[in-house]
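Asker: Quick one: structure below, then a few questions.
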Amino acid sequence: MITGERKVRLTPQAILQKISEYDIFRFYMPEKGWKINQATFSPFRQENNPSFLIGNKRGFLSFIDFADTSRRGDCFTFVKLLHNLSTMDDVLRMIDRDFGLGFLPNTGTGDYKRITKEYKQPEDIGKRYSLIQVVTRKFTQEELAYWNDYHQSLDDLRANHVYSIKKLYLNKQLFPLKDTELRFGYFYDGHWKIYRPFGDKKSK
Numbered sequence: 002m003i004t005g006e007r008k009v010r011l012t013p014q015a016i017l018q019k020i021s022e023y024d025i026f027r028f029y030m031p032e033k034g035w036k037i038n039q040a041t042f043s044p045f046r047q048e049n050n051p052s053f054l055i056g057n058k059r060g061f062l063s064f065i066d067f068a069d070t071s072r073r074g075d076c077f078t079f080v081k082l083l084h085n086l087s088t089m090d091d092v093l094r095m096i097d098r099d100f101g102l103g104f105l106p107n108t109g110t111g112d113y114k115r116i117t118k119e120y121k122q123p124e125d126i127g128k129r130y131s132l133i134q135v136v137t138r139k140f141t142q143e144e145l146a147y148w149n150d151y152h153q154s155l156d157d158l159r160a161n162h163v164y165s166i167k168k169l170y171l172n173k174q175l176f177p178l179k180d181t182e183l184r185f186g187y188f189y190d191g192h193w194k195i196y197r198p199f200g201d202k203k204s205k
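Following our numbering, the numbering of the sequence shown begins with 2 at its first residue and continues without gaps.
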């Protein structure tokens, strides 16, 4: 009989259990003087006028490059574009290694504890978070195929508290979702975090 704790797989949700979106942006952002919701210099080019923003307008940290609005998204997308990585799996592996999170072999240095103690989490990150409520459903074949690309099985998703969403309520108002849209909910610490990998840019 095999006993012991099940090893958590390397996923965005698992990473965000150990470090925050802010930690990731702070670590990889070349311009160290940036602040949330204030324009700063873009890391993608040399410029004289700030044209880059990391903000929490929609309740989570995301970035946008106003000089090239195709460059926008969450902290994982930021790392992918900044380092010209080919896949999201490459992004997760880089973050795991650089922070010493220990999801993959030889990465468990625990550096993230030292890194995150060097500063305080900004108090205003949570001010715009919204009440999120969901009704879950069984995973569709398309959803399972999506996670299979990241080597995640149904058992892995269940172990990491990832669910398929039937209905989503934002501040007690029904949020419109297309039946064919991939949408997932990650439940942790009594709260839901919503992941819509192909959601439109305005509402993602």
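We put the beta carbon where it would ideally sit given N, CA and C, even for glycine.
Treat the numbers as computed from the prediction; the structure is a model and nothing was measured.
(1) For Thr12 and Gln153, which I take to be in contact (beta-carbon distance under 8 Å), what is that distance rounded to the nearest angstrom?
(2) Distance check for Val163 and Thr141, CA to CA, integer angstroms please.
(3) What residues are listed by DSSP as bridge partners for Gly186?
(4) Would Phe199 pass as a contact of Leu183 if the rule is Cβ separation under 8 Å?
(5) Determine the contact status of Phe61 and Arg73, defining contact as a CB-CB distance below 8 Å.
(6) Closest to Tyr29 by C-alpha separation, out of Ser52, Arg98, Thr88 and Gln14, would be which residue?
(7) Under the assumption that Gly191 contacts Thr137 (Cβ atoms under 8 Å), give the Cβ distance between them as a whole number of angstroms.
(8) Quick one: what does DSSP say Arg27 is sitting in, helix, strand or coil?
Answerer: Result, derived from the coordinates:
(1) Under the criterion of beta carbons closer than 8 Å, Thr12 and Gln153 qualify as touching, at roughly 7 Å.
(2) So the alpha carbons of these two residues sit roughly 13 Å apart.
(3) Beta-bridge annotation (DSSP): Gly186 is paired with Tyr164 and Ile195.
(4) Contact: yes.
(5) No, the Cβ-Cβ distance between Phe61 and Arg73 is not below 8 Å.
(6) Per the Cα distances, Arg98.
(7) Contact between Gly191 and Thr137 does not hold, since their C-beta atoms are separated by about 16 Å, which reaches or exceeds 8 Å.
(8) Helix, per DSSP.
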